[in-house]
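Chemist: Chains as they are written, first to last, in full-length UniProt numbering: chain A, 1 to 450; chain B, 1 to 450; chain C, 1 to 450.
For each residue, glycine too, the CB sits at the ideal point set by N, CA and C.
Computed from a prediction, not measured in an experiment: that's the story for all the values here.
This structure is in structure tokens; I'll ask about it shortly.
This is the structure in structure tokens:
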């Protein structure tokens, strides 16, 4: 993690990382059995087909990660190459790392099984540092970002394992393990990188123009339309369809609410593109943890209304306060899009979990809340809190899960931010922020001729 | 529907509408049985999986509605926030309303069943007011648009029920019930909102620039590639694949034709982006009603050639005439993209229906033309025209279906337009049209620094 | 192919081509049996469903062709209408032609069977002239391009038949038959159209601006995310999932490598958007031919690293050399994105094929390497080299396949380029190049008011 300041050595370190990945893939990763040709006798085309049935959802998530996040962050008028480019760079690095890291936690005979599931998990993991990047957008070098993402994804994989496999919380759409983790990790890094108090004004290049705002809408809209795939891809049984329906309705309600609240609280009652680009998506985050549960349509709509309201009010009042008082410059407002809505989702999950009954969830109780089942095999006995948790205990674990996640994310972010600031990493000067020119060839004469 | 003129009260009304939706969801909407956990004894994973097999097509339609329509309308150079933003706002409101409205028409035990089908239908319904919005683009306030859409979708649901369930016409891709309805409703509203004759010149902000035209191409292209999903999503049996193939071929032929005819009729034989952005899609509309029938590849190609030709000629000659003579300012030319091609589709459906035989359609006759079957159960007896319609009768009903649709759409549009114009809704002044500034925070200094 | 110089007659020729297609569809094309309604007795809904299971991948490929290629080529600042428009025009023409051409090579009872497979193949075929278009971007008229594409696709269909059905090479992702063919055909045309030596400087409109580079990133990113669908769509059995995984990993590794190498070799170590837009995709091409084989994750990553490196170095050093010395102006650098990576893929396929054993490939050997199987039915005896090829022979055939493909592509390109240059086709003057104005209505006053 100790990278010298110059660009060249930073990039060389990243190349070495790529080569280390190559070696680790060679040593540890093998195709899962279903991805290998079937023996001639036992040929069964059906099983292979079954196996890739989540492929369309995977492709939706690919679009969210690469197009969605990438273009959402193009709203800065002089930082579009970086927004789209670093998204591609970071995600390409992180997906490989996530296959390895998550694989190490679930090894089978000393080897990591590679299948469609692996790269679905890897894409989800890529969302984590991309969320954090939103809190830092324009204020780090690419070397800092990439090195941060390697550390963050390792920590994410550990926290996720803790939350899902040890604490046995439900988090179908990843609002706790992905959104809260990514947002608060990023905010903690932003806290460490905060400017001196005499440099706390907005950067001169920080801001949108008409065209950059429209590019950002490409990101917003693709995130919006494919969010049901993100939330439902890991759901099982009928929970998959519930996750789709609940996410869709929550997004719709959050969107209507965002427009209304934006107009009501903004200057001259004019709509604000920042709210439209971001808070419309808060419904997807806020329903994430509970999306496969029996919320009912009204439950999903209610969560959306709350999320849209909280998110817009966050942009309008809380973000300026954080900037002025704590000097946390959350460029994209990830606290309002990912942070607070994820907290809403965690609280909702405790409320819904406290009302769970075996009668309602029937055959799916075991999949969704494995620790609530009186198991009769050895593997479940490792789950903390023992077998046969009742509904209130499960609710308590949901809250414990978010608390632990916040602790690890903020702790990890402070550590990462400290390393980024105080070691030999090059830090951007105030004037170098929010513009591509430092790290990209930018057309110099573009406006002369036209 | 009586909204006071000020922005604030308009937005508050929309928030109240959202809360009414919440209450209606709570009172009436329940997950369909297949979306609930299966009883432990009867667990059947296959059925849940079967249930979401249309999910990829649904996601394609999501892209069409939110990205396709949203970006297609960004061609106006100063109205991009509104185009993408109001699309999101309107669609998010309308999908909820459509789940309710279409649900009320198909209630089961006093409750509305919620499943993937519901939100597929809701997305299709969202296309209707978005088409109408195209005819009005830049000349209404968002409050007017949103209120219009609530009324329009209710009327659409009623007309669709009439056409499909009472008149029993075939309309697989919705050219009659969606495209013709949306286009002529919108044109009727445009007629009511037409400017005084001394203000009939083009608005000073009406027009594209180089960048806005490229943003519009994002919309065009996504509509183009996903149109086969829109047309095929409700088809059954082998009709689904026919719908895909016919739509694809019709679009391809319409596109080639559009380029050629555009060059031949335009000034200096130069291609016109308006034609390329819109008329290339006319093949998808014109094949819609008949897309699942036994057209043959040549039938689909022929329809595409006709649609591309008619659409370009409409833009070149008819739209200017309507503007000058009737003062109908059809901003996006929905008459040429949706209106006339939908009429072509209706006529094609009468021709094809008149040649239908039970020998050709075999086991699928009942699904496609339920009124042509000598039924033996009670439910079909309600269909108008009795059971066992012959081919010519069905052809007549197809024409009757489009006629009734036009009547209801135009009547409804005149009513809606009248309310929008003569009640306390705020109307835009001439100078306020086709620009975002009235309702959006727009970056003021964007060009200074760059 | 002899088109008179004026625009009007060129477009009329294209319309006549469209009408000839209509007639050929009418005469020769019929729905495949599974696309027809099932007889009432033998109704089997399952088979129809099975049949469209590749539909989601088809839709991904649609996005690659129309959005991916179209927007990737918008990087030229004054050629965006042409990039997106001609992509649409060319692809719409070519898909129809490809259904016919590939159909003629696989007729059944004198008729061409139309099914989802047909239009998947047609979309893949459309990639071929679009790749060639990249080598010529901005230096031809649309008439030249379209006529070239008709000839090229016919030649492509012949070469593909030769490579896959006669030589029996493996080429799952089409790197040999699609990418190498399209790239070297286009470069050969570029050689024929090369400027006189006193006009060899860059065109004055050739170059990107900030916004055009961001539009191009839309193309890049969609190509990136959907590339696994392109490579895997024709794979069978477990090879489909291997194709997805290998393509994903190769792309990721190529992307990381591209960023690093770009920074290391560029001026002031700044990242170059040309590399980011193109070389990140080289991993998808380089893994194409071998994507369904048992590469292992490390094999895929290694191929990605090599491809990213070669592609960036090609842009940095080889392309300028080709321009200066051979006067080949490869506008998009297709040699670096498609040409050289395809050669890497062909070489990789020879290496991997030389190590194939029946033990590894089990039941899938026959699908992947039909000529390596000791067949016992008559149809396989036509395969060149006889039955029961051993691994080294198959490796030799892989190299023979790419050699034949290069020969046919370059020969065809020289022929096509010669016809485009020396017959009555209108050629663009130097000053007319790389701008839309000659063939498009372009907003004249766009910057005055804003």
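When the Cα atoms are used, what is the spatial distance from residue 418/A to residue 278/A?
Modeler: As a first step, residue 418/A is located in the first chain; it is residue number 418 there, counting from the start. As a first step, residue 278/A is located in the first chain; it is residue number 278 there, counting from the start. About 29 angstroms.
Chemist: Less than 6 angstroms between C-beta atoms, sequence neighbours within five positions excluded: which residues of the same chain meet that for residue 122/C?
Modeler: As a first step, residue 122/C is located in the third chain; it is residue number 122 there, counting from the start. These residues qualify, in order along the chain: 95, 98 and 99.
Chemist: Check the Cβ of residue 228/C against every Cβ in chain B and list those closer than 9 angstroms, keeping chain order.
Modeler: In the third chain, counting from the first residue as 1, residue 228/C sits at position 228. Those within 9 angstroms of residue 228/C in chain B number zero; the least Cβ separation is about 15 angstroms.
Chemist: Buried or exposed: which applies to residue 267/B, given that a residue is buried once 16 or more other Cβ atoms fall within 10 Å of its Cβ?
Modeler: Locating residue 267/B in the second chain gives position 267, counting from the first residue. Residue 267/B is exposed by the Cβ-count criterion.
Chemist: State whether the stretch 298 to 314 of chain B contacts the stretch 250 to 257 of chain B, with contact taken as three or more CB pairs (one from each stretch) at a distance under 8 angstroms.
Modeler: At 8 angstroms Cβ cutoff, the stretches touch.
Chemist: Which residues does DSSP pair with residue 114/B in a beta bridge?
Modeler: Here residue 114/B is taken as the residue at index 114 of the second chain, counted from 1. Beta-bridge pairing links residue 114/B to 31/B.
Chemist: For residue 442/B, return the contacting residues in chain A, with the cut-off set at a CB-CB distance below 8 angstroms.
Modeler: For the purposes of this step, residue 442/B is taken as residue 442 along the second chain, with counting starting at 1. Chain A residues near residue 442/B: 210.
Chemist: Determine the DSSP secondary structure at residue 108/A, reduced to helix, strand or coil.
Modeler: As a working mapping, residue 108/A is identified with position 108 in the first chain. In the structure shown, residue 108/A sits in a strand (DSSP, three-state: E or B).
Chemist: Can you pull out the residues from the stretch 264 to 292 of chain A whose beta carbon lies closer than 7 angstroms to at least one beta carbon of chain B?
Modeler: Residues 264, 266, 267, 269, 270, 271, 272, 273, 276 and 280.
Chemist: Could you check whether the stretch 197 to 215 of chain A touches the stretch 419 to 435 of chain A, counting it as contact only if at least three pairs of C-beta atoms, one from each stretch, sit closer than 8 angstroms?
Modeler: Output reads yes: the stretch 419 to 435 of chain A touches the stretch 197 to 215 of chain A.
Chemist: Count the other C-beta atoms from every protein chain shown that fall within 10 angstroms of the C-beta of residue 60/A, then say buried if there are 16 or more, exposed otherwise.
Modeler: Within the first chain, residue 60/A is the residue found at index 60, counting from 1. Buried.
Chemist: Would you mind giving the Cβ-Cβ distance between residue 394/C and residue 372/C, rounded to the nearest angstrom? I have them listed as a contact below 8 angstroms.
Modeler: As a working mapping, residue 394/C is identified with position 394 in the third chain. As a working mapping, residue 372/C is identified with position 372 in the third chain. With 8 angstroms as the limit, residue 394/C and residue 372/C qualify as a contact, their Cβ atoms being about 6 angstroms apart.
Chemist: Round the Cβ separation of residue 141/B and residue 428/B to the nearest angstrom and send it over; I've been treating them as touching at under 8 angstroms.
Modeler: Mapped onto the second chain, residue 141/B falls at position 141. Mapped onto the second chain, residue 428/B falls at position 428. So it is a contact: roughly 6 angstroms between Cβ atoms.
Chemist: Rounded to the nearest angstrom, how far is the Cβ of residue 333/B from that of residue 189/B, given a contact under 8 angstroms?
Modeler: Taking the first residue of the second chain as 1, we reach residue 333/B at position 333. Taking the first residue of the second chain as 1, we reach residue 189/B at position 189. Contact doesn't hold; Cβ gap of about 15 angstroms is too wide.
Chemist: Taking Cβ positions only, does residue 341/A come closer than 9 angstroms to chain C?
Modeler: As a first step, residue 341/A is located in the first chain; it is residue number 341 there, counting from the start. No, residue 341/A does not count as interfacial toward chain C.
Chemist: If residue 68/C and residue 88/C are in contact, beta carbons under 8 angstroms, what's the gap, nearest whole angstrom?
Modeler: Sequence index remark: in the third chain, residue 68/C carries index 68 (1-based). Sequence index remark: in the third chain, residue 88/C carries index 88 (1-based). In fact, because the Cβ distance is near 12 angstroms, the residues do not count as touching under 8 angstroms.
Chemist: For residue 101/C, tell me which candidate among 258/C, 29/C, 75/C and 33/C has the shortest Cα-Cα distance.
Modeler: Taking the third chain and counting its residues from 1, one reaches residue 101/C at position 101. For the residues 258/C, 29/C, 75/C and 33/C, the minimum Cα distance to residue 101/C belongs to 29/C.
Chemist: For residue 69/B, which residues in chain C fall below 9 angstroms Cβ to Cβ?
Modeler: As a working note, residue 69/B is residue 69 in the second chain. Neighbours of residue 69/B on chain C: none; closest Cβ ~16 angstroms, over 9 angstroms.
Chemist: Would you verify that the beta carbon of residue 380/C is, or is not, closer than 9 angstroms to some beta carbon of chain B?
Modeler: Start at 1 with the first residue of the third chain, and residue 380/C comes out as number 380. Reliability fails at residue 380/C, whose pLDDT of 43 lies under 50, so the model's placement of it is uncertain and the value that follows must be treated cautiously. Judged by the 9 angstroms Cβ criterion, residue 380/C is not in contact with chain B.
Chemist: Using the rule of at least 16 other Cβ atoms within 10 Å of the residue's Cβ for burial, across every protein chain shown, is residue 356/B buried or exposed?
Modeler: Position 356 of the second chain, counted from the first residue, corresponds to residue 356/B. So residue 356/B ends up on the buried side.
Chemist: In the structure shown, what three-state DSSP assignment does residue 378/B receive?
Modeler: Here residue 378/B refers to the residue found at position 378 of the second chain. Note on residue 378/B: pLDDT 43, under 50, position unreliable in the model; the coordinate value appears next. It is helical.
Chemist: What is the rounded straight-line gap between the Cα of residue 62/A and the Cα of residue 221/C?
Modeler: Residue 62/A sits at position 62 when you count from the first residue of the first chain. Residue 221/C sits at position 221 when you count from the first residue of the third chain. Going from the Cα of residue 62/A to the Cα of residue 221/C covers about 10 angstroms.
Chemist: Taking Cβ-Cβ distances below 7 angstroms as the criterion, which residues of the stretch 344 to 364 of chain B are in contact with chain C?
Modeler: Of all residues in the stretch 344 to 364 of chain B, 361, 362, 363 and 364 have a Cβ within less than 7 angstroms of some Cβ in chain C.
Chemist: Quick check: residue 157/A and residue 93/A, are their CB atoms within less than 9 angstroms of each other?
Modeler: Counting from 1 along the first chain, the entry for residue 157/A is found at position 157. Counting from 1 along the first chain, the entry for residue 93/A is found at position 93. No, these two residues do not count as a Cβ contact at 9 angstroms.
Chemist: Would you say residue 530/A faces chain B, with C-beta separation under 9 angstroms as the test?
Modeler: Shown here, chain A extends from 1 to 450; a query on residue 530/A therefore has no answer.
Chemist: Does the beta-carbon distance from residue 458/A to residue 234/B come in below 9 angstroms?
Modeler: Any question about residue 458/A goes unanswered here, given that chain A covers just 1 to 450.
Chemist: When you compare each of 167/A, 202/A and 64/A to residue 324/A by their alpha carbons, which one comes out closest?
Modeler: Looking up residue 324/A in the first chain gives position 324. The option with the nearest alpha carbon to residue 324/A is 202/A.
Chemist: Go ahead and pull the three-state DSSP assignment for residue 294/A.
Modeler: If you number the first chain from 1, residue 294/A lands on position 294. Residue 294/A falls in the coil class under three-state DSSP.
Chemist: Could you tell me which of 83/A, 21/A and 64/A sits nearest to residue 230/A, measuring between CA atoms?
Modeler: Locating residue 230/A in the first chain gives position 230, where the first residue counts as 1. Of the listed residues, the one whose Cα sits closest to residue 230/A is 64/A.
Chemist: When you compare each of 214/B, 219/B, 223/B and 396/B to residue 80/C by their alpha carbons, which one comes out closest?
Modeler: By one-based count along the third chain, residue 80/C stands at place 80. If we check each option's Cα against that of residue 80/C, 214/B comes out closest.
Chemist: Strictly under 9 angstroms for the Cβ-Cβ distance: is residue 84/C near chain A by that measure?
Modeler: Looking up residue 84/C in the third chain gives position 84. No, its Cβ sits nowhere closer than 9 angstroms to a Cβ of chain A.
Chemist: Tell me whether residue 228/C, by its Cβ, gets closer than 8 angstroms to a heavy atom of the ligand FAD.
Modeler: Of the ligands one can find in the structure shown there are none, so the ligand FAD has no counterpart to examine.
Chemist: Going along the chain, which residues of the stretch 74 to 103 of chain A sit with their C-beta nearer than 7 angstroms to a C-beta in chain C?
Modeler: Cβ contacts with chain C come from 74, 80, 81, 84, 85, 88, 89, 92, 93, 95 and 96.
Chemist: Going by DSSP, what residue range makes up the alpha helix (DSSP H) through residue 421/C?
Modeler: Along the third chain, one-based indexing puts residue 421/C at 421. 391 to 422 is the extent of the alpha helix (DSSP H) around residue 421/C.
Chemist: Can you grab the Cα-Cα spacing for the pair residue 331/B / residue 143/C, in whole Å?
Modeler: Start at 1 with the first residue of the second chain, and residue 331/B comes out as number 331. Start at 1 with the first residue of the third chain, and residue 143/C comes out as number 143. For residue 331/B and residue 143/C, the distance between alpha carbons rounds to 31 angstroms.
Chemist: Reducing DSSP to helix, strand and coil, say where residue 223/C ends up.
Modeler: Within the third chain, the letter at position 223 stands for residue 223/C. DSSP places residue 223/C in helix when its eight states are reduced to three.
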